């Protein structure tokens with residue numbers, strides 16, 4: 437069933453480090469009393485919940501009968517402004533552990549009723565998760581970490597984040613305690629603290645998707661862009677091969693890159709064909725496995 441309208445509710449809850457996690461909750465508008473499964477949407481590195489076509493994607497999934505919870509990781513560096521990296525001191529400290537803990541905190545807030553919809557019932561026993569890029573890496577770790585998650589879909593997921601640290605970055609961390617990265621979209625230079633590297637190395641067994649995917653026996657869909665310029669589609673192939681689930685699929689979308697034809701800001705009336713294909717595959721998967 438496709439719902440004609442969607443309501444978006446915004447708010448924030450606290451992380452275990454007492455930092456705000458800003459969220460948007462999308463849900464179908466209905467006059468019939470019923471509950472809906474919930475999908476968690478995780479953005480990637482230098483990303484945020486309002487990036488590009490992400491809000492439109494969440495609305496699309498909500499129209500097809502899901503509640504969708506999209507949120508900014510507590511240390512992603514984007515504050516109340518929602519669109520700018522105005523908290524660089526937090527971005528500097530955004531570890532993979534922090535992101536994974538944020539997912540657990542959001543599930544806890546859903547389960548205890550602190551995070552809820554004012555207009556529909558959320559079935560917190562039926563949880564799916566989507567992650568893009570680094571968010572896909574975290575989604576796999578989360579699906580292994582938190583037993584409430586019933587299925588996972590990744591979009592251009594990184595397989596092993598520890599293989600993305602360059603020799604120059606490691607040298608910076610060892611000599612200065614930080615390295616610098618440039619946000620190519622804004623030109624802003626941001627620091628990444630050594631804690632990010634140390635956390636990833638010291639807690640690799642808990643954090644690396646290539647390791648945690650070996651624990652997944654839930655349905656898993658890995659989607660990648662054939663011409664991805666940021667994360668090679670071979671990462672998704674590695675994750676697919678390592679996943680022991682009996683119900684798994686991999687899909688490569690042709691002639692498109694890391695964000696499937698979208699950019700920020702996204703103001704087009706229609707989705708580009710690759711992004712449309714991405715959403716249709718995701719929707720079909722959740723309709724089949726999240727019920």
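In the numbering used here, the protein residues as written are 437 to 727.
Ideal placement from N, C-alpha and C gives every residue a C-beta, glycine not left out.
All of these numbers come straight from a predicted model, not from anything done at the bench.
Pair within 7 Å by beta-carbon distance, residue i and residue j
i	j	result
residue 452	residue 541	yes
residue 677	residue 580	no
residue 569	residue 592	yes
residue 565	residue 645	no
residue 702	residue 571	no
residue 661	residue 711	no
residue 584	residue 563	yes
residue 654	residue 687	no
residue 529	residue 631	yes
residue 617	residue 628	yes
residue 513	residue 524	yes
residue 652	residue 679	yes
Helix, strand or coil at residue i according to DSSP, with G and I counted as helix
i	result
residue 465	coil
residue 494	helix
residue 603	helix
residue 487	coil
residue 595	coil
residue 633	helix
residue 532	helix
residue 612	helix
residue 644	coil
Residue i versus residue j - alpha carbon distance
i	j	result
residue 586	residue 472	14 Å
residue 497	residue 503	8 Å
residue 483	residue 589	18 Å
residue 509	residue 457	6 Å
residue 479	residue 459	12 Å
residue 621	residue 700	8 Å
residue 664	residue 468	42 Å
residue 549	residue 442	21 Å
residue 405	residue 507	The shown model of the chain, from 437 to 727, leaves out residue 405, and the question about it has no answer.
residue 633	residue 609	8 Å
Integer Cβ distance of residue i from residue j, believed to fall under 8 Å
i	j	result
residue 455	residue 511	7 Å
residue 463	residue 553	5 Å
residue 536	residue 574	6 Å
residue 716	residue 689	Not confirmed; about 11 Å, so no contact.
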